[in-house]
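Enquirer:
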Amino acid sequence: MSVRVRFAPSPTGALHIGGIRTALYNFLFAKKMGGTFILRIEDTDRGRHVSGAEAYITDSLEWLGLTPNESSTNPGAFGPYRQSERLDIYRTYADRLISSGRAYYAFDKPEQLDVLRKEAEGKGGAFLYGALNRDSLDNSLNITEDELHSRLETGETYTIRLKVMPDDIISFEDIVRGEVSFNSNDLDDKILIKADGFPTYHMANVIDDYSMQITHVIRGEEWLSSTAHHLLLYHALGLENSIPRFAHLPLILKPSGNGKLSKRDGQKFGFPVFPISWYEDGKESFEGFREAGFLPQALLNFLVLLGWHPEGDQEILTIDNMIAQFSLERIGKSGARFDYDKAKWFNHQYIVHSPTDALLPEVSAELSKHGIQLTQKQVVDLIELMKERCTVIGDFHQQCGYLFAPIQDFDEIMLNKKWTDHSEAMMTTVIELIDSILPFEASEIEAQIKSHMEMNAISPGNLFPLLRIALTGTTKGPDLFKTIAFLGKEESSSRINHLITIKTIANE
RNA sequence: GGCCCGUUCGUCUAGGGGUUAGGACGCAAGAUUUUCAUUCUUGUAACACGGGUUCGAUUCCCGUACGGGCUACCA
Numbered sequence: 403m404s405v406r407v408r409f410a411p412s413p414t415g416a417l418h419i420g421g422i423r424t425a426l427y428n429f430l431f432a433k434k435m436g437g438t439f440i441l442r443i444e445d446t447d448r449g450r451h452v453s454g455a456e457a458y459i460t461d462s463l464e465w466l467g468l469t470p471n472e473s474s475t476n477p478g479a480f481g482p483y484r485q486s487e488r489l490d491i492y493r494t495y496a497d498r499l500i501s502s503g504r505a506y507y508a509f510d511k512p513e514q515l516d517v518l519r520k521e522a523e524g525k526g527g528a529f530l531y532g533a534l535n536r537d538s539l540d541n542s543l544n545i546t547e548d549e550l551h552s553r554l555e556t557g558e559t560y561t562i563r564l565k566v567m568p569d570d571i572i573s574f575e576d577i578v579r580g581e582v583s584f585n586s587n588d589l590d591d592k593i594l595i596k597a598d599g600f601p602t603y604h605m606a607n608v609i610d611d612y613s614m615q616i617t618h619v620i621r622g623e624e625w626l627s628s629t630a631h632h633l634l635l636y637h638a639l640g641l642e643n644s645i646p647r648f649a650h651l652p653l654i655l656k657p658s659g660n661g662k663l664s665k666r667d668g669q670k671f672g673f674p675v676f677p678i679s680w681y682e683d684g685k686e687s688f689e690g691f692r693e694a695g696f697l698p699q700a701l702l703n704f705l706v707l708l709g710w711h712p713e714g715d716q717e718i719l720t721i722d723n724m725i726a727q728f729s730l731e732r733i734g735k736s737g738a739r740f741d742y743d744k745a746k747w748f749n750h751q752y753i754v755h756s757p758t759d760a761l762l763p764e765v766s767a768e769l770s771k772h773g774i775q776l777t778q779k780q781v782v783d784l785i786e787l788m789k790e791r792c793t794v795i796g797d798f799h800q801q802c803g804y805l806f807a808p809i810q811d812f813d814e815i816m817l818n819k820k821w822t823d824h825s826e827a828m829m830t831t832v833i834e835l836i837d838s839i840l841p842f843e844a845s846e847i848e849a850q851i852k853s854h855m856e857m858n859a860i861s862p863g864n865l866f867p868l869l870r871i872a873l874t875g876t877t878k879g880p881d882l883f884k885t886i887a888f889l890g891k892e893e894s895s896s897r898i899n900h901l902i903t904i905k906t907i908a909n910e
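Residue numbers (my numbering): 403 to 910.
Structure representation (structure tokens):
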């Protein structure tokens with residue numbers, strides 16, 4: 403049987419990188435096994451549904467190249483792929499459970515249950531709607547057939563609950579965790595169909611995994627406990643021969659402090675936790691990795707190692723490497739802390755090792771964001787000049803803004819230290835020299851300037867810092883001669899001239 | 001509180017009954033460089049604790065501690 407896996411997010415807001423990693427593992431496993439990767443939208447919570455969230459999920463996956471083989475925009479034979487469009491399917495199965503006595507109607511109002519819950523908490527325990535107390539609660543187990551019919555007919559709202567049998571040991575073999583087992587006495591009679599007629603996650607999930615012929619459920623550890631209920635459901639439905647294999651992934655934890663990574667941690671710690679930016683009320687409320695200047699490959703590479711490790715020591719992995727080496731068995735068991743420094747390191751590696759052409763669109767977009775229009779040749783030159791020192795795409799502008807605009811601030815301290823009585827004459831001769839250089843290329847510029855220095859006994863320490871300040875305002879930056887070549891003959895001369903003027907006026 | 005899961009350098013992790021416990025990020029030092037960065041070299045630092053089992057345990061078992069998840073008509 404061929405492998406079919408699904409990524410099943412809920413469209414309740416932006417999807418953070420924990421979800422992305424789950425999608426990635428599903429994707430890698432599907433590709434590795436020659437299987438099918440399905441995107442299913444779990445929109446069964448009408449109250450928390452956020453418009454735009456589904457599009458966000460699709461866009462994120464697309465940016466990262468994790469394209470589903472089947473989804474609502476690219477349906478296969480197992481649709482619909484949105485749970486809100488599958489209501490009748492769940493209903494059919496729920497009715498089947500009712501008639502076989504494996505589920506029942508419950509009329510208890512949420513407020514009533516809240517009271518019971520509070521009461522139990524007060525005694526230090528927990529309220530469990532189950533075998534021990536279902537006889538004394540307001541459900542179809544305790545009323546006559548006639549009463550049930552009349553209550554249903556009057557339109558009284560109800561939920562449908564799974565009838566969990568006591569003293570049952572439920573165990574299964576999790577691919578990452580090994581054998582896990584539960585006692586049904588600790589399990590409540592989970593709601594399967596809510597009062598609004600929508601299924602709960604548990605119901606929809608099991609039915610869909612079955613009807614979409616999912617072979618492996620790869621999901622976060624937060625689902626480990628409820629797997630017991632899911633197993634019970636498969637059995638109650640007589641689907642015990644179609645139970646998929648489970649792999650529960652360790653969670654991604656906050657970089658410091660306790661708990662799993664959450665939405666707000668991005669702002670709190672100053673880095674993105676979302677793949678792409680999320681907008682609320684028309685403005686960006688959470689910055690994404692894309693907007694922060696990350697390459698999708700780099701993000702994926704960072705994420706894949708948060709909980710999984712290949713057999714060797716190689717950490718830079720292309721998507722094809724990942725697919726070739728991926729296995730569920732090598733997924734770790736313990737939670738992984740998010741480490742932004744390492745994410746940046748990966749991005750730097752990818753920027754440095756990407757062919758210049760591959761960076762062209764991102765860098766051009768970054769520049770035009772700042773109102774800078776360059777020819778393609780100029781962008782290519784810029785990338786080659788700068789890429790070794792950039793960790794995010796924004797650095798192609800941020801670190802070298804002086805290339806595109808007049809210098810605002812000169813490094814005064816260094817300038818005053820280096821500028822002597824001889825500097826004006828020295829700089830003037832350099833302008834003359836620059837004007838004469840042909841072809842105006844870095845190597846030629848370097849050769850000419852160096853021989854000029856030798857002939858005139860100019861030491862590097864006297865010239866280079868001043869030249870650099872004249873051209874860039876600072877004392878740090880990429881190769882001086884390449885910078886001169888990039889700026890061009892006119893601009894270089896004019897900048898040196900400008901500095902001479904400033905210093906001359908200052909001295910008068 | 002109850003149930004389930006976990007615990008190797010600060011972080012991500014490899015390993016596994018006898019190893020100098022390996023790699024990566026970070027950090028530090030040195031080299032290279034006209035500067036800063038890159039790069040290279042070196043260094044730094046870990047088997048949570050207590051009992052077993054064993055000739056021997058970081059590795060297996062049991063406890064404890066700590067961490068995580070779940071405990072909703074949320075997913």
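Heads up, the beta-carbon is just placed ideally off N, CA and C, and yes, glycines get one too. Nothing here was measured: the structure is a model prediction, and the numbers come from that model.
Identify the residues that DSSP records as bridge partners of residue 582: which are they?
Expert: Taking the first residue of the first sequence as 1, we reach residue 582 at position 180. For residue 582, which the question treats as bridged, DSSP gives the partners 574.
Enquirer: Considering only C-alpha positions, which residue in the set 726, 804 and 439 is nearest to residue 467?
Expert: Here residue 467 corresponds to residue number 65 of the first sequence, with the count starting at 1. For the residues 726, 804 and 439, the minimum Cα distance to residue 467 belongs to 439.
Enquirer: At which residues does the alpha helix (DSSP H) containing residue 552 begin and terminate?
Expert: Translated into positions along the first sequence, residue 552 becomes position 150. Here the alpha helix (DSSP H) through residue 552 covers 547-555.
Enquirer: Does the region 611-624 come close enough to the region 648-655 that 3 or more CB-CB pairs lie under 8 Å?
Expert: Touching, yes, given that three or more Cβ pairs across the two stretches are closer than 8 Å.
Enquirer: Work out the CA separation of residue 460 and residue 785 for me, nearest whole Å.
Expert: Taking the first residue of the first sequence as 1, we reach residue 785 at position 383. Taking the first residue of the first sequence as 1, we reach residue 460 at position 58. One C-alpha to the other measures close to 30 Å.
Enquirer: Below 8 Å on the Cβ atoms is my guess for residue 472 versus residue 603; work out the distance and round it to an integer in Å.
Expert: Start at 1 with the first residue of the first sequence, and residue 472 comes out as number 70. Start at 1 with the first residue of the first sequence, and residue 603 comes out as number 201. Going by Cβ atoms, the distance from residue 472 to residue 603 rounds to 20 Å, so no, they are not a contact pair.
Enquirer: Three-state secondary structure (DSSP) at residue 418?
Expert: By 1-based counting over the first sequence, the position of residue 418 is 16. Residue 418 falls in the coil class under three-state DSSP.
Enquirer: Following the continuous alpha helix (DSSP H) through residue 638, name the residue where it begins and the one where it ends.
Expert: Here residue 638 refers to the residue found at position 236 when the first sequence is read from its first residue. Residue 638 -> alpha helix (DSSP H) spans 629-638.
Enquirer: Going by DSSP in three states, residue 710 sits in which element: helix, strand or coil?
Expert: Position 308 of the first sequence, counted from the first residue, corresponds to residue 710. Residue 710: strand per DSSP, three-state reduction.
Enquirer: Have a look at residue 762 and residue 565 and give me their C-alpha separation to the nearest angstrom.
Expert: As a working mapping, residue 762 is identified with position 360 in the first sequence. As a working mapping, residue 565 is identified with position 163 in the first sequence. When rounded, the distance between both Cα atoms is 60 Å.
Enquirer: Give the straight-line distance between the Cα atoms of residue 613 and residue 425, rounded to the nearest whole angstrom.
Expert: Along the first sequence, read from residue 1 onward, the residue named residue 613 stands at position 211. Along the first sequence, read from residue 1 onward, the residue named residue 425 stands at position 23. Rounded to the nearest angstrom, the two C-alpha atoms are 20 Å apart.
Enquirer: If we call anything under 7 Å between Cβ atoms a contact, is residue 674 one with residue 695?
Expert: Counting from 1 along the first sequence, the entry for residue 674 is found at position 272. Counting from 1 along the first sequence, the entry for residue 695 is found at position 293. Not closer than 7 Å, so no.
Enquirer: According to DSSP, what are the bridge partners of residue 690?
Expert: Within the first sequence, the letter at position 288 stands for residue 690. DSSP, once it has assigned bridges, lists 676 as partnering residue 690.
Enquirer: Look at the alpha carbon of residue 610 and the alpha carbon of residue 662, and state the distance between them as a whole number of angstroms.
Expert: Sequence index remark: in the first sequence, residue 610 carries index 208 (1-based). Sequence index remark: in the first sequence, residue 662 carries index 260 (1-based). Approximately 28 Å between the Cα atoms of the pair.
Enquirer: Quick check: what's the CA-CA separation for residue 798 versus residue 792?
Expert: Here residue 798 is taken as the residue at index 396 of the first sequence, counted from 1. Here residue 792 is taken as the residue at index 390 of the first sequence, counted from 1. Each residue's Cα considered, the two are about 7 Å apart.
Enquirer: Looking at residue 877: is its Cβ nearer than 7 Å to the Cβ of residue 862?
Expert: Position 475 of the first sequence, counted from the first residue, corresponds to residue 877. Position 460 of the first sequence, counted from the first residue, corresponds to residue 862. Their beta carbons are not under 7 Å apart, which means residue 877 does not touch residue 862 by this criterion.
Enquirer: For residue 345 versus residue 542, is the C-beta distance shorter than 7 Å?
Expert: Summary: the structure shown does not reach residue 345, with the chain confined to residues 403 through 910, and so no result is reported for it.
Enquirer: Below 6 Å CB to CB, which residues in the same chain sit around residue 486 once its five sequence neighbours on both sides are set aside?
Expert: Looking up residue 486 in the first sequence gives position 84. Counting only Cβ-Cβ distances below 6 Å, and skipping sequence neighbours, we find 445.
Enquirer: I'd like the span of the alpha helix (DSSP H) that includes residue 505, first residue to last.
Expert: Your numbering for residue 505 matches position 103 in the first sequence. Counting along the chain, residue 505 falls outside any alpha helix (DSSP H), though it belongs to the beta strand (DSSP E) covering 505-508.
Enquirer: Specify, as a first and last residue, the run of the alpha helix (DSSP H) that residue 847 falls within.
Expert: What you label residue 847 is simply residue 445 of the first sequence in a count that begins at 1. Here the alpha helix (DSSP H) through residue 847 covers 844-857.
Enquirer: Smallest Cα separation from residue 741: which of 859, 657 and 448?
Expert: Here residue 741 is taken as the residue at index 339 of the first sequence, counted from 1. Out of 859, 657 and 448, 657 has the C-alpha closest to the C-alpha of residue 741.
Enquirer: Please classify residue 681 as buried or exposed, where buried requires at least 16 other C-beta atoms within 10 Å of its C-beta.
Expert: Here residue 681 corresponds to residue number 279 of the first sequence, with the count starting at 1. Exposed, since its Cβ has fewer than 16 Cβ neighbours within 10 Å.
Enquirer: Quickly, what does DSSP pair residue 651 with across the bridge? List them, please.
Expert: For the purposes of this step, residue 651 is taken as residue 249 along the first sequence, with counting starting at 1. In DSSP, residue 651 forms a bridge with 622.
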